[in-house]
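Note sheet for the following structure.
Numbering (the working numbering), first residue to last: 5 to 408.
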């Protein structure tokens, strides 16, 4: 491109127009020193393409109506104005999603029923009969399979990414997911936009819980099946990696305060700090997850406790330690270093200054207590947090946690 722009021959080129997403490689080339002065970038992110999407869908479905002789089956208008408007709005200006919907409906044995299913899915309601007859399964299988060029490995990767997002304890934005997972998931989520919602700045969510049920049921998803425990294992490891990277000693109190302000503004760090034990509880009992847990407790456990206290999140830290003790002692089978892990957990829990003569210490955040903190503190004061088993001196029982 630079050679063409700077060509002194008689090649009649005055401008080159490139339309593309802001891919890192393209951005890097456009900002290089020998071409930067000749490039003008125009962002169209703010352009509302809803009407263009609606026009595209209307013309595409009209062509399908004529080619499939649907006039013998269903009267016009098809689709209805309400369906077209709803789909155009849900697509959010992404032509790749609109094109996927058109291809899916065009290939269906019953296009009208297929379009109704897609419209209902985007509205968050799926009829029971569509689940019973596996119509929704065909929709999910087609979209996941076609989203990654039909490659078995990429299909599997896409299914795993979906499963991991679904397994999150609470929805995160795509930027926080990238930071937590340690990889750029945008490339993986883009082909799946027909079945997940990825708003700019908002949390990534699925349109309907039937996608979760589909991926978790091997008889339905078959080669796309992902066991939930494998997703929780990956998420637990991601949490440990995030905490390991962020929990480092600071040189001065000023550095610490600055770092705390930065951390509390990061949704992915708060997520890892709060939910690592949730994913540990639901993960498989693999050697990797045990190694991550032992490394975290032995090298970063005290920093985790200190940072949680400083950030006003001691209650969450206590809950995490208790939950981890329950997993290691009650849920997992005996393993090497089990006693060491339990000793570390108990030392972190009992060696803190959260308990004074057996009384619960009320915790205040830097800016006062939120209603959520007050509910949790009352829960602790009731003495229901943790109970020593009456039949054993080495038992922990974990009661249901209060509503978040």
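Ideal Cβ positions, reconstructed from N, Cα and C, are used throughout, including at glycine.
Item	Value
Exposure label - residue 19; buried when at least 16 CB within 10 Å	exposed
Residue 168 versus residue 75: straight-line alpha-carbon distance, rounded	43 angstroms
Per-residue DSSP class, three states only, for residue 215	helix
Buried/exposed call for residue 352, threshold 16 Cβ in 10 Å	buried
At least 3 beta-carbon pairs within less than 8 angstroms: the segment 94-112 vs the segment 56-63	yes
Assigned secondary structure, residue 177 (DSSP; H/G/I helix, E/B strand, else coil)	strand
Which listed residue (321, 318, 319, 345) has its alpha carbon closest to that of residue 331	345
Residue 327 classed as buried or exposed, judged by whether at least 16 other C-beta atoms fall within 10 angstroms	buried
Pairwise C-alpha distance: residue 348 and residue 302	7 angstroms
Residues sharing a beta bridge with residue 209, DSSP	201
Terminal residues of the alpha helix (DSSP H) in which residue 286 lies	271-286
With 16 other Cβ atoms within 10 Å as the buried cut-off, status of residue 338	exposed
Other residues of its chain near residue 90: CB distance less than 8 angstroms, five sequence neighbours each side excluded	123, 126, 127
9 angstroms Cβ cutoff met for residue 197 and residue 101	yes
Simplified DSSP assignment, three categories, for residue 324	helix
Three or more C-beta pairs below 8 angstroms linking the segment 235-242 and the segment 167-187	yes
Spatially closest choice to residue 69 from 195, 56, 55, 84, by CA coordinates	84
Span of the alpha helix (DSSP H), counted from its first residue to its last, around residue 299	291-314
Exposure label - residue 35; buried when at least 16 CB within 10 Å	exposed
With 16 other Cβ atoms within 10 Å as the buried cut-off, status of residue 21	exposed
Where the alpha helix (DSSP H) containing residue 429 begins and where it ends	The structure shown has nothing for residue 429, since the chain only spans 5 to 408.
Beta-carbon proximity of residue 296 to residue 209, cut-off 9 angstroms	no
Proximity below 9 angstroms, CB of residue 277 to CB of residue 321	yes
Residue of 329, 306, 250, 340 minimising C-alpha distance to residue 291	340
Counted within 10 angstroms of its Cβ, other Cβ atoms place residue 140 as buried (16 or more) or exposed	buried
Beta carbon of residue 181 nearer than 9 angstroms to that of residue 272	yes
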